[in-house]
Amino acid sequence: MKKGFTIFFILAITVLINKEIAMGRSDYKVEIREKYRQLDLSNGVTKEEAIIIAQNYILKEGLDKSYIITKFSVEEWGLRDELWRIVFKATYAESIKQGNIFGFLGVFKWWISVSVDKKTGEIKSVGGPDL
2 MKKGFTIFFI LAITVLINKE IAMGRSDYKV EIREKYRQLD LSNGVTKEEA
52 IIIAQNYILK EGLDKSYIIT KFSVEEWGLR DELWRIVFKA TYAESIKQGN
102 IFGFLGVFKW WISVSVDKKT GEIKSVGGPD L
């Protein structure tokens, strides 16, 4: 039993460190929201701006409270590549709190996908196993 608790503790600490790395310093929310307010989308949306828009959406919807986001990827998306698709790899935080480490180990893979229009910056779709 003691060994199981030790493994869980190590995994929980690793997840918390990964969240800090993936989303930045502990003040990442303020930083992302400030970057979002400063966006100028009058001449379209760059890849970097799309990432900020998607991160802001994650914060605005409170998804950062339900998921521990470890990293993300960006790709052009849509029939004519008119969207940026940002896919956040995540672990469902509640499973870690309840001692279920299968999500962290990759048995259950969670992700959140946010598609951003390249011209307007509008969120066109959001998806994931639980969304």
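Taking the working numbering, the leading residue of the sequence shown gets 2, the next gets one more, and so forth. Positions of the beta carbon are idealized from the N, C-alpha and C atoms, including for glycine. Every value quoted in this text rests on a predicted model; they were computed, and no experiment measured them.
Check whether the stretch 67 to 77 touches the stretch 48 to 57, counting contact only when three or more Cβ pairs, one atom from each stretch, lie closer than 8 Å. yes
Reference Arg38; option with closest CA among Ser67, Gly129, Gly122 and Val127: Checking every option, the nearest Cα to that of Arg38 belongs to Gly122.
Measure the C-alpha to C-alpha separation of Pro130 and Asp41 and round it to an integer number of angstroms. 32 Å
Can you have a look at Ile113 and say buried or exposed, based on whether 16 or more other CB atoms are within 10 angstroms of its CB? buried
Minimum C-alpha distance to Lys66 - residue among Ala91, Lys36, Glu83 and Arg34: Ranked by Cα distance from Lys66, the options Ala91, Lys36, Glu83 and Arg34 are led by Ala91.
Start and end of the alpha helix (DSSP H) containing Glu32? Element bounds for Glu32: Tyr29 to Arg38.
Buried or exposed, going by whether 16 or more other CB atoms sit within 10 Å of the CB of Arg81? exposed
Let me check understanding here. Comparing Cα to Cα, which of Trp111, Ile70 and Glu49 lies closest to Trp85? Comparing alpha carbon positions, the residue from Trp111, Ile70 and Glu49 closest to Trp85 is Glu49.
For Val88, I'd like the list of residues in its chain whose CB is within less than 7 Å of its CB, leaving aside the five on either flank, ordered along the chain. So the list reads Phe73, Ser74, Trp112 and Ser114, once near-sequence residues are dropped.
Would you list the residues sitting across from Ile53 in a DSSP beta bridge? According to DSSP, Ile53 bridges with nothing at all.
In its own chain, which residues sit with a C-beta less than 6 Å from the C-beta of Lys30, not counting the 5 before and 5 after it? Leu60
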